[in-house]
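Visitor:
2 protein chains.
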Amino acid sequence: MSLLVVGSVAFDEVETPFGKCDKMLGGSASHFSISASFFGDVRIVAVVGGDFGEEDLRIFDHHGIDTSDLERIPGGETFRWGGRYDYDLNVAHTLYTHLNVFADFQPKLSAASRDARLVFLGNIQPDLQRGVREQVPQAELVALDTMNLWIDIARESLLKTIRVVDLVIINDAEARQLTGIPNLIKAARTILSWGPKALIVKRGEYGAALFTAQNYFAIPAYPLESVFDPTGAGDTFAGGFMGYLSSQEKLDEAAMRRAMIFGSVMASFNVEEFGTSRTQRLTPDEINDRFRAFKRMTTFEEIPFQRAVQSTR
Amino acid sequence: MSLLVVGSVAFDEVETPFGKCDKMLGGSASHFSISASFFGDVRIVAVVGGDFGEEDLRIFDHHGIDTSDLERIPGGETFRWGGRYDYDLNVAHTLYTHLNVFADFQPKLSAASRDARLVFLGNIQPDLQRGVREQVPQAELVALDTMNLWIDIARESLLKTIRVVDLVIINDAEARQLTGIPNLIKAARTILSWGPKALIVKRGEYGAALFTAQNYFAIPAYPLESVFDPTGAGDTFAGGFMGYLSSQEKLDEAAMRRAMIFGSVMASFNVEEFGTSRTQRLTPDEINDRFRAFKRMTTFEEIPFQRAVQSTR
Chain A
109 MSLLVVGSVA FDEVETPFGK CDKMLGGSAS HFSISASFFG DVRIVAVVGG
159 DFGEEDLRIF DHHGIDTSDL ERIPGGETFR WGGRYDYDLN VAHTLYTHLN
209 VFADFQPKLS AASRDARLVF LGNIQPDLQR GVREQVPQAE LVALDTMNLW
259 IDIARESLLK TIRVVDLVII NDAEARQLTG IPNLIKAART ILSWGPKALI
309 VKRGEYGAAL FTAQNYFAIP AYPLESVFDP TGAGDTFAGG FMGYLSSQEK
359 LDEAAMRRAM IFGSVMASFN VEEFGTSRTQ RLTPDEINDR FRAFKRMTTF
409 EEIPFQRAVQ STR
Chain B
109 MSLLVVGSVA FDEVETPFGK CDKMLGGSAS HFSISASFFG DVRIVAVVGG
159 DFGEEDLRIF DHHGIDTSDL ERIPGGETFR WGGRYDYDLN VAHTLYTHLN
209 VFADFQPKLS AASRDARLVF LGNIQPDLQR GVREQVPQAE LVALDTMNLW
259 IDIARESLLK TIRVVDLVII NDAEARQLTG IPNLIKAART ILSWGPKALI
309 VKRGEYGAAL FTAQNYFAIP AYPLESVFDP TGAGDTFAGG FMGYLSSQEK
359 LDEAAMRRAM IFGSVMASFN VEEFGTSRTQ RLTPDEINDR FRAFKRMTTF
409 EEIPFQRAVQ STR
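Listed in order, the protein sequences are those of chains A and B.
Throughout, our numbering is defined as the position within the first sequence, counted from one, plus 108.
Throughout, our numbering is defined as the position within the second sequence, counted from one, plus 108.
#1: Taking Cβ-Cβ distances shorter than 9 Å, what residues in chain B pair up with residue 394(A)?
#2: Whole-angstrom Cβ separation of residue 325(B) and residue 368(B), contact assumed at under 8 Å?
#3: If you run the structure through DSSP and keep just helix, strand and coil, what is residue 420(B)?
#4: Identify, in the order they occur along the chain, each residue of the same chain with its Cβ nearer than 8 Å to the Cβ of residue 315(B), setting aside the five sequence neighbours on each side.
#5: Kindly list the residues whose CB is nearer than 7 Å to the CB of residue 363(A), restricted to its own chain and excluding five residues on each side of it in sequence; keep chain order.
#6: Examine chain A for any beta-carbon lying closer than 8 Å to the beta-carbon of residue 320(B), and answer yes or no.
#7: For residue 325(B), go through chain A and note every residue whose CB falls closer than 7 Å to its CB, in chain order.
#8: Nearest to residue 334(A) by CA position, among 183(B), 114(B), 366(B), 295(B), is which residue?
#9: Could you name the residues of the same chain whose beta carbon sits closer than 7 Å to that of residue 419(B), not counting the 5 residues immediately before and after it, in chain order?
#10: Shorter than 8 Å from the beta carbon of residue 198(A) to some beta carbon of chain B?
#11: Let me see if you follow: with CB-CB separation under 8 Å, is residue 291(B) close to chain A or not?
#12: Is it buried or exposed, residue 282(B), if we count other Cβ atoms within 10 angstroms and call 16 or more buried?
#13: Going along the stretch 351-364 of chain A in order, which residues come within less than 7 Å of chain B, judged by CB to CB distance?
#14: Within 10 angstroms of the Cβ of residue 237(A), are there 16 or more other Cβ atoms? Answer buried if so, exposed if not.
#15: For residue 330(B), which three-state DSSP category applies?
#16: Listed from N- to C-terminal order along the chain, which residues in the stretch 144-166 of chain A have their beta-carbon within a distance smaller than 8 Å of any beta-carbon of chain B?
#17: Is DSSP giving residue 112(B) helix, strand or coil here?
#18: Given residue 374(B), which residues of its chain have a CB within under 6 Å of its CB, disregarding the five upstream and five downstream residues?
#19: Contact criterion: CB-CB distance below 8 Å. Does residue 369(A) meet it with respect to chain B?
#20: Using only the alpha-carbon positions, how far apart do residue 403(B) and residue 226(B) sit?
#21: Determine, using beta carbons only, whether residue 306(A) and residue 140(A) come nearer to each other than 8 Å.
#22: Would you identify the three-state DSSP class for residue 410(A), choosing helix, strand or coil?
#23: Less than 8 Å between the beta carbons of residue 395(A) and residue 210(A), yes or no?
#24: I think residue 112(B) touches residue 224(B), with their Cβ atoms under 8 Å apart; what is that distance to the nearest whole Å?
#25: Comparing C-alpha positions only, which one of 311(B), 310(B), 313(B), 275(B) sits nearest to residue 299(B)?
#26: Could you tell me whether the stretch 243-254 of chain B touches the stretch 152-162 of chain B, where touching means 3 or more Cβ pairs closer than 8 Å?
#27: Nearest to residue 216(A) by CA position, among 175(A), 273(A), 202(A), 370(A), is which residue?
#28: Is residue 332(A) close to chain B, meaning its C-beta is less than 8 Å from at least one C-beta of that chain?
#29: Run through DSSP, which three-state label would residue 302(A) get?
#30: Rounded to whole angstroms, how far is the Cβ of residue 266(A) from the Cβ of residue 259(A), which I believe are closer than 8 Å?
#31: 8 Å is my cut-off, CB to CB: does residue 366(A) come that close to chain B?
#32: Look at the alpha carbon of residue 257(A) and the alpha carbon of residue 397(A), and state the distance between them as a whole number of angstroms.
#33: Are residue 336(B) and residue 132(B) close, meaning C-beta to C-beta below 8 Å?
#34: What is the DSSP secondary structure of residue 291(B), reduced to helix, strand or coil?
#35: Assuming the contact rule is C-beta atoms closer than 8 Å, residue 134(A) and residue 154(A) should be a hit. Round their C-beta distance to whole Å, please.
#36: If you drop the 5 nearest sequence neighbours on each side, which residues of the same chain put their C-beta closer than 6 Å to that of residue 138(A)?
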């Protein structure tokens, strides 16, 4: 009954207009798994180097994240990413990307991992994603994230992978780039026509939307007066979304809608501090409070209009 | 018990990637009043030239819009605007602006107009807006729209006018420009601190948000697979919003929230065809159907999460 994530574990160096952090736990699998861990059991498939210490591992342990399939290469170095944000926090400027041990990452799934009910294929090379997907044929829901790089250099492989997953979770620029269609609604319909049963489009400060063949569901972002560090918001969203779903018996439209809210709640906490610092400290009450806030800020009464009585003219 | 709008009546020439229209009814007061007319009585204060014919006037008459205060200057020409949209339909490229009779527009309110319960100050010079506002001291709700031009060249007058209205309806770029604050939530709080009880921020394809001292309410835009001509969408939104409010006895938060939906519904129809062609043909059933669609696409069950039972590790 568990949730599996395949992705990167990294050390991030991030500079924003509000501060600087030299080395902190980052990577898609880290953000995803810490977020998901609040909702259910999660297993991580990733690779780290000899520089990944006990104190780093303890963060996963502390959240009950299963790291049996976290491969460690003692002679190698962990993936490192450096980025900078200006006042427009929607745009990350990459300063460097040292793939290190991640360059030769070949996801290896143990028997327990192959038993996962839900699988999240984090943003890695699409051939690798497809390789993992083939190892979990019985999974109830397999989701995929990707990025502009793979759309540019591995488009055909990415399209092949999209055809064999149930859910695609990307941002609006990626949806447009992937399809070449500027209208997001049309772009979404096109992606769904390739095979996935559902598509989630993340829109940053504007919220997120869920597209299925029959339905459209859209939510705003939680209103934050300051965003400190947006790194990992997308993976934290996916972690909250998939984590919540893993706690549910039925993965129907109603559960997916609530999962969208929990994903947004987790992302809204994530951006309040550097890296995973804020999410690491979260409590179930804080999460549920913000879930209820989403209800308050999106609710209206369904009363059709009747024209006011016309005055005599 | 009526609704008053002060603004422009124009002839628009618009070119989009999907077609071209040489001369059609446009201007803030036209879009606003046609939209509002579905919900209640509306009176228009504006100016036109001798070229504004009977067939143009008939459009207003047909919608029961009171044009007693529509001034006609036989020797002058009606305001004309020409614009072009590329595939990014969010950006209008102005080809020309011939203010004509609108250059010397001095809004004149009859006794009946000064009796209006709700007043919308369309996008005109802020001194003129304030002059109108002073003539309707008893109005229950006075709302204001503006644009980047007035923020640039008449900022002090605009701030004075904002201080004496109840509601500001602008887009997100204008909210940021007006306050110099990039974070929209902070910018909104700042605008509210100047006096208005409420602020609506229009976000185009991303929907709209309502800010009050106590509450935040955000809605997505209606998902359209094609946008034909976005001209007038903002005024059509305001018309639906204010028109719906004018049909309600109590102008409370719940009514404002429903009004946000009706505003968005009207704007979503407006962009489907050139100018006001689509809104002119609307029926109450079509409006209520799309209102119900908004409910379907924003509803989720308020069920707090409980962590799934942990497996034994």
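Here a beta-carbon is modelled for each residue, glycine too, at the ideal position from N, C-alpha and C.
Guide: Straight from the coordinates:
#1: Per Cβ cutoff of 9 Å: no residues; residue 394(A) is ~12 Å from chain B at best.
#2: 7 Å
#3: Only weak support is given to the placement of residue 420(B): the predicted model assigns it a pLDDT of 40, under 50, and the value that follows is read from those uncertain coordinates. It is coil, neither helix nor strand.
#4: 326, 327, 328, 329, 372
#5: 353, 356
#6: no
#7: 405
#8: 295(B)
#9: Residue placement at residue 419(B) is poorly supported in this model, since its pLDDT is 47, which falls under 50; the coordinates still yield a value, given next. Correct list: empty, nothing qualifies.
#10: no
#11: yes
#12: buried
#13: 352, 354, 355, 362
#14: buried
#15: coil
#16: 146, 147, 148, 149
#17: strand
#18: 143, 344, 348
#19: yes
#20: 26 Å
#21: no
#22: coil
#23: no
#24: 4 Å
#25: 275(B)
#26: no
#27: 175(A)
#28: yes
#29: coil
#30: 6 Å
#31: yes
#32: 37 Å
#33: no
#34: coil
#35: Contact flag wrong, Cβ pair sits at about 12 Å.
#36: 117
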